[in-house]
Amino acid sequence: MDRHQLCEALSAAGVPAGLYEIADCPGSPGGPRPEDRLYLEEQAGEWVVGVQQRGVRTVLERFPDEDRACRRLYAQLTQSTPPPSPLTPEETEQLLHDSEGIQRRAREQLARALDAARQPPTGDTGQHAGGDRDR
Numbered sequence: 001m002d003r004h005q006l007c008e009a010l011s012a013a014g015v016p017a018g019l020y021e022i023a024d025c026p027g028s029p030g031g032p033r034p035e036d037r038l039y040l041e042e043q044a045g046e047w048v049v050g051v052q053q054r055g056v057r058t059v060l061e062r063f064p065d066e067d068r069a070c071r072r073l074y075a076q077l078t079q080s081t082p083p084p085s086p087l088t089p090e091e092t093e094q095l096l097h098d099s100e101g102i103q104r105r106a107r108e109q110l111a112r113a114l115d116a117a118r119q120p121p122t123g124d125t126g127q128h129a130g131g132d133r134d135r
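With UniProt numbering, letter number 28 in the sequence shown gets 28, and the count goes up by one each step, no holes.
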C-alpha cells in the first residue's frame with residue numbers, strides 16, 4: 001500500500017480527514033485541522049508514523065518501507081472503540097457545572113493515551129528501524 005492508496009482506504013473507512021496528515025497525498029484536506037493528529041511522512045529514507053500535538057511533532061514509529069508505515073497508520077486510525085455509554089443524571093449535572101475540570105481531565109487522558117501509543121506493542125517484532133523513538 002502506498003500513501004495515495006492509504007488516503008483512499010481511510011476515506012472509504014469513514015475516518016475523518018482532520019485526524020491525520022499524509023505527505024503528498026492529493027486527498028488531504030486543506031484549511032484548518034485539529035491541533036492533535038497522526039501523520040505519515042518520509043524522513044531520511046525512512047517512513048515515519050507520528051503524532052502532532054500542540055504544534056510539536058513526535059515520531060511514534062519508523063519503518064523501512066512505505067507499505068508497512070501505511071498499514072500501521074491505517075490500523076491506528078481504524079481501531080474500533082466501544083460506543084460511549086449514555087450519561088447519568090449526575091454526570092449531566094457535573095458536566096454542566098464543572099467544564100474546566102472536565103477539560104483538564106480530558107487533556108490528561110489524551111496525554112496518557114498518546115504516551116501509551118508511543119510505547120512499543122507487546123510482542124514487538126522489530127518492524128521499526130533501529131528501535132529508537134524520538135520523544
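Quick reminder that beta carbons are idealized off the backbone N, C-alpha and C, glycines included. Note that the structure is predicted; figures quoted are calculated from it, not measured.
In the structure shown, the three-state DSSP call for Q76 is helix. At a Cβ-Cβ threshold of 8 Å, L6 and A23 do not count as neighbours. Going by beta carbons, A111 and L60 fall outside the 8 Å limit. Contact between the region 66-74 and the region 37-53 is present: three or more C-beta pairs spanning the two stretches fall below 8 Å.
When only Cα atoms are considered, G45 and F63 end up about 9 Å apart. When beta bridges are read from the DSSP output, Q109 appears opposite no residue.
A12 and G101 have their C-alpha atoms spaced approximately 37 Å apart.
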